[in-house]
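Residue numbering for the sequence shown follows this note's numbering, beginning at -1 and increasing consecutively. Note that beta-carbon positions come from the ideal geometry of N, C-alpha and C, so glycine has one too. Notes for the one structure printed next.
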Amino acid sequence: MSRNFLVVDPQEGMPVLKGLASPARVSVLKLLHEKGPLNVNEIADVLDLPQSSVSTNVQILEEAGLIRTETQRARKGNQKVCHSVYDEVLVVFKNEIKETEPDAIEVSMPLGLYTSFEVTAPCGLCSVDGIIGLLDVPDTFLDPDRMKAALIWFTRGYVEYQFPNNARLTNTGVREVEFVMELSSEVPGTSADWPSDITLTINGVDIGTWTSPGDFGDKRGVFTPDWWKLKGSQYGKLKSFRINDDGSFVDGLRITNVKLAELKLEQHHSIRLRIGVRDDARHPGGINIFGRGFGNYDQDILLRLKTR
């Protein structure tokens, strides 16, 4: 079943914030979410609130767009029936959402379009609709339905993607390569304290390792489908890996001195990205890669080439 989300900028969405700024109104929203459509009298009875108070709060919630109402005929006159609109409300400052830079070339790679792999169990893939193939069987990664994958997990090994080198096609110089993806560790069940060393390799060159702190399951991922069990991995950390003339960085922090020139982009028609956990990793805690339709970020693996 699909989930409805509202993303609101607090600088522009004051009516929504006002709607959420009352314990009574939050109780109304929670009740409608759990019980389904109710009329004003039913809400008042369940929450033990005066009908006049419920009517006032319903009006505020309706004006904020957090609920919708419809008038239905009742035994005596008409009644107002209230419906929940959103499953979750996300408060995000717009200036935190990075727009594409004018001098950047972007390619979004669907999770299932890897060109090679070598993984060990526990492992698996799933789409937004269900499990793909068989769980904990590495050969399932050959299943043609892998093209629909929205979540990939394995214990050790790698998946490799081949991105087009669009800068070379347009004869444009590159000053920085950036990969952005949502990652976490992988443990049977979940554990916030389960470190895993996740290594990125570009064109055969190890650019560095990021240690994921855990496998997160304390709450459902924003975009994680309802059918996915709550005991499974829910979301990851959105990580930015950048390589430029100064070295290689994760979220702006240097991880190695590997520089852009070592990738030899001008010699390759494609850019090969390998994501994995090595057999000799200090923290071999597995990996989850979240794609569009899973986790907290509705995106696949993003390549951004910043041109000169």
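- Unbroken stretches of the alpha helix (DSSP H), 4 residues or longer, contained in the stretch 152 to 232: 164 to 167
- Query: If you compare alpha carbons, which of THR67, SER82, VAL83, SER20 is closest to ASN76?
  - Reply: THR67
- Look at PHE288 and GLY219 and say whether their C-beta atoms are less than 9 angstroms apart. yes
- Message: Could you tell me the alpha carbon to alpha carbon distance between THR54 and ALA42, rounded to whole angstroms?
- Response: 12 angstroms
- Message: Out of HIS81, LEU15, LYS74, ARG71, which one is the CA nearest neighbour of VAL26?
- Response: HIS81
- Item | Where VAL26 falls: helix, strand or coil (DSSP) | helix
- Task: For SER268, collect the residues of the same chain with a Cβ closer than 7 angstroms to its Cβ; drop the 5 residues on either side in sequence, then sort them by chain order.
- Result: GLN160, PHE161, PRO162, ASN163
- Message: According to DSSP, is GLY63 part of a helix, a strand, or is it coil?
- Response: coil
- Message: Rounded to whole angstroms, what is the Cα-Cα separation between LEU30 and LYS146?
- Response: 34 angstroms
- Query: Going straight from the alpha carbon of PHE249 to that of LYS33, what length do you get?
  - Reply: Note on identity: in this sequence residue 249 is Asp, with Phe being the wrong assignment. C-alpha separation (whole angstroms): 42 angstroms.
- Query: By a C-beta neighbour count over all protein chains shown, 10 Å radius and 16 as the cutoff for buried, is THR69 buried or exposed?
  - Reply: exposed
- Task: Rank VAL79, PRO35, ASN201, VAL83 by C-alpha distance to the C-alpha of VAL14 and give the top, closest one.
- Result: VAL83
- Would you say the stretch 187 to 203 touches the stretch 289 to 303, given that touching needs at least three Cβ pairs under 8 angstroms? no
- Query: GLY17 to LYS217, Cα distance in whole Å?
  - Reply: 23 angstroms
- Message: Is it buried or exposed, MET107, if we count other Cβ atoms within 10 angstroms and call 16 or more buried?
- Response: buried
- Item | Distance between ASN255 and PHE139 (C-alpha atoms, nearest Å) | 33 angstroms
- For the candidate residues VAL44, LEU228, ARG252, VAL126, whose alpha-carbon lies nearest to that of LEU149? VAL126
- Length-filtered (3 minimum) beta strand (DSSP E) runs lying within the stretch 81 to 138: 86 to 89, 102 to 107, 114 to 117, 122 to 124
- Query: Is it right to say LEU36 is buried, meaning 16 or more other beta carbons lie within 10 angstroms of its own, or is it exposed?
  - Reply: buried
- Over the uninterrupted alpha helix (DSSP H) stretch that includes LYS257, give me the two end residues. From DSSP, LYS257 is part of no alpha helix (DSSP H); its letter is neither H nor E.
- Backbone secondary structure at GLN297 - three-state DSSP: coil
- Message: Please state the DSSP three-state secondary structure of LYS304.
- Response: strand
- Query: In whole angstroms, what separates the C-alpha of ASP85 from that of ASN169?
  - Reply: 47 angstroms
- Extent of the continuous alpha helix (DSSP H) run through LYS74: That residue, LYS74, is in no alpha helix (DSSP H); it is neither H nor E in DSSP.
- Query: Looking at LEU300 and ILE103, is the spacing between their C-beta atoms short of 9 angstroms?
  - Reply: no
- Task: Hey, could you find the ends of the beta strand (DSSP E) GLY245 is sitting in?
- Result: 245 to 248
- Query: When you compare only the Cα positions, how much space is there between GLU94 and GLY11?
  - Reply: In this prediction, GLU94 has a pLDDT of 46, which is less than 50 and means its spatial position is unreliable; nothing more can be read from the coordinates.
- Item | According to DSSP, residues forming a beta bridge with LEU149 | CYS124, PHE288
- Within this structure, are the beta carbons of GLY215 and LEU228 separated by less than 9 angstroms? yes
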